[in-house]
Amino acid sequence: MKAGTDRYVKLWLLRVLSMSVVDPHFNSPFHTLTLQRIPLRRRETLQAWDAADEYLLNHFFTEFAQRKPDDEQNILICNDNFGALCLNLHEYEPVLYTDSHTAGLALAHNAQLNNLSVSSVTVIPSTVKPEADKGKWDVVLMKLPKNQSWFREQLIQIKPFLHEGSKVIVAAMVKHLPHSALEQLEQIIGPASLSRAKKKARLLLADTEIQRKTPESKYPRHWRVDNARKPHNGIKLINHANTFSRDSLDIGARFFIEHLPAGIEGNIIDMGCGNGIIGIATAMQNPGHINFVDESYMAVASAQASWQANGMDEAKASFTVNDALQGFAADSADCVLCNPPFHQQNTVGDQIAQRMFQDAKQVLKPGGEFRVIGNRHLGYHALMKKLFGNCTLVASNSKFVVLSSIR
1 MKAGTDRYVK
11 LWLLRVLSMS
21 VVDPHFNSPF
31 HTLTLQRIPL
41 RRRETLQAWD
51 AADEYLLNHF
61 FTEFAQRKPD
71 DEQNILICND
81 NFGALCLNLH
91 EYEPVLYTDS
101 HTAGLALAHN
111 AQLNNLSVSS
121 VTVIPSTVKP
131 EADKGKWDVV
141 LMKLPKNQSW
151 FREQLIQIKP
161 FLHEGSKVIV
171 AAMVKHLPHS
181 ALEQLEQIIG
191 PASLSRAKKK
201 ARLLLADTEI
211 QRKTPESKYP
221 RHWRVDNARK
231 PHNGIKLINH
241 ANTFSRDSLD
251 IGARFFIEHL
261 PAGIEGNIID
271 MGCGNGIIGI
281 ATAMQNPGHI
291 NFVDESYMAV
301 ASAQASWQAN
311 GMDEAKASFT
321 VNDALQGFAA
331 DSADCVLCNP
341 PFHQQNTVGD
351 QIAQRMFQDA
361 KQVLKPGGEF
371 RVIGNRHLGY
381 HALMKKLFGN
391 CTLVASNSKF
401 VVLSSIR
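The sequence shown runs 1 to 407 under full-length UniProt numbering.
Next up, the structure:
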């Protein structure tokens, strides 16, 4: 590397690290890595790993690291949100199985931050079967997802690609570990046990028993809206396991679809689309093109299946797995609709909403509308007024507000 280039990389790294107030250095038996959460925030107060990641890596080091990385050991890693597991074990060329597009971006970002090649880790999205290229998975390392339906579904999807005696190790913080998790692991994979707690984290350890019958998957789930006002009752929705509001229309979406814009002929974006209910209801009163966008592979697959189930015009919709609206052309949308999440995995916060709002402003045409729903206490009106210079209350009830800003 040339001296000038080396100096540039060092300055860039210092500038990136200066955005954080937490120590971004993660020490494990394998490496010391610099890890950051995505989206990046100035003065980040949260680490990109937790004690469950540490416990899982320490256990792997004790039980399996005597085998060399080139010993043809097939390792599947599930739900690694920021690369703490994959990058520590990159010499083993693991495979990441995830429902999060953002997790893949975080993996690439943190690989670059540590001068590692992201090509050493293969990513399998949740909508693809988690097959091993060679043989079966020898070890599965999993961070317990927040959604227990997705946890059960992951185990069901993984089971056919395990051999007798494959190890499945699930890590979680004690406060996020439901009693049913061990039961699910034992029912689907095989004999399981619970480790002692360390730093308020625990491991669930299972040995695969091939003869144990795998339960049938309950997903995708099909249902009709029956708790909304006309004309929305009767809309068909198809939900994959990790999609929000899997069984019935949630009260926020139900209120939002009563207060959607009408008569828009241009480009409309349903950002954070989930199962597609907002975009489908919007299409019922707008002739424009709807682009369904979500960072969850299962959400976008659910939205596309729901659109097709309702016999909607295929030419009037697009479906994009994406990190908010990154990469969308500036000044290209007439309207952006959003029901933003207020948590990232088990962490509650407004960092995701802030990123979505900023992207909406960039993508909207001058005069375009950003319309959002949120809980009354979240204070979205202040953020929207700061970004757009204006914010109008469209509707409200005891729990939610629908807000609008014009670019």
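Backbone N, C-alpha and C fix where the C-beta goes; we use that ideal spot for every residue, glycine too.
Between the segment 281-300 and the segment 316-328 there are three or more C-beta pairs closer than 8 Å, enough to call the two in contact. Here TYR97 is bridged, per DSSP, to CYS78, ILE124. In this structure, ILE264 places its C-beta atom within 8 Å of the C-beta atom of ASP334. SER405 and ALA253 have their C-alpha atoms spaced approximately 19 Å apart. Residue burial annotation: THR62 is exposed, with fewer than 16 other C-beta atoms found within 10 angstroms of its C-beta.
Here ALA395 has HIS259, VAL402 as same chain residues with Cβ atoms under 6 Å from its own Cβ, once five neighbours each way along the sequence are excluded. Non-local beta-carbon contacts of GLN184 in its own chain, meaning distances under 6 Å to residues more than five positions away in sequence, involve ARG152 in chain order. The bridge partners DSSP lists for GLY104 come to none. For the 8 Å CB-CB criterion, PRO261 and ARG407 do not form a contact.
Pairwise C-beta distances place the segment 194-210 out of contact with the segment 90-97, as fewer than three of them are shorter than 8 Å. Contact fails between the segment 223-241 and the segment 194-202, because fewer than three Cβ pairs, one in each stretch, are under 8 Å apart.
SER28 is classed as buried because its beta carbon has at least 16 other beta carbons within 10 Å across all chains shown. Pairing SER193 with GLY83, the inter-Cα distance amounts to about 26 Å. Here THR282 carries a helix assignment [DSSP, helix/strand/coil]. Separation of CYS86 and TRP150 (C-alpha to C-alpha, rounded to the nearest whole angstrom) is 20 Å.
One Cα belongs to GLY276, the other to PRO220, and the distance between them is close to 14 Å. Inter-segment contact for the segment 28-38 and the segment 50-62 is present: three or more beta-carbon pairs are separated by less than 8 Å. Straight-line measurement puts the Cα of ASP250 at about 16 Å from the Cα of SER306. A Cβ-Cβ contact shorter than 8 Å links LEU105 with ILE38.
Counting along the chain, no beta strand (DSSP E) covers ILE352; the unbroken alpha helix (DSSP H) around it starts and ends at 351-363. Taken through DSSP and simplified to helix, strand or coil, HIS289 comes out as strand. CA-to-CA, the gap between GLN47 and LYS159 works out to about 32 Å. Segment contact: the segment 164-179 against the segment 111-124, fewer than three CB-CB distances shorter than 8 Å; contact not assigned. VAL363 is the residue among ASN339, VAL363, LYS136 whose C-alpha sits nearest the C-alpha of GLN326.
It is roughly 49 Å from the alpha-carbon of LYS385 to the alpha-carbon of ALA132. Burial of ALA111 is indicated by the presence of at least 16 other C-beta atoms within 10 angstroms of its C-beta. With contacts defined by Cβ atoms closer than 8 Å, THR45 and LEU113 do not form a contacting pair. Secondary structure of GLY252 (DSSP, three-state): helix. DSSP places PHE151 in the uninterrupted alpha helix (DSSP H) bounded by 148-158. Non-local beta-carbon contacts of ASP138 in its own chain, meaning distances under 8 Å to residues more than five positions away in sequence, involve GLN73, ASN74, ILE75, HIS163, SER166, LYS167 in chain order.
Within the model, the alpha-carbon separation for ARG246 versus GLN148 is close to 12 Å. Going by beta carbons, GLN187 and PRO231 fall outside the 8 Å limit. Under DSSP, the beta-bridge partners assigned to ASN267 are HIS289. Within the same chain, SER405, ILE406 come within 7 Å of ASN390 by CB-CB distance, once the 5 residues on both sides are set aside. The three-state reading of DSSP puts LEU177 in coil, since its state is none of H, G, I, E or B. Within the same chain, PRO130, GLU131, ALA132, LYS136, TRP137 come within 7 Å of PHE161 by CB-CB distance, once the 5 residues on both sides are set aside.
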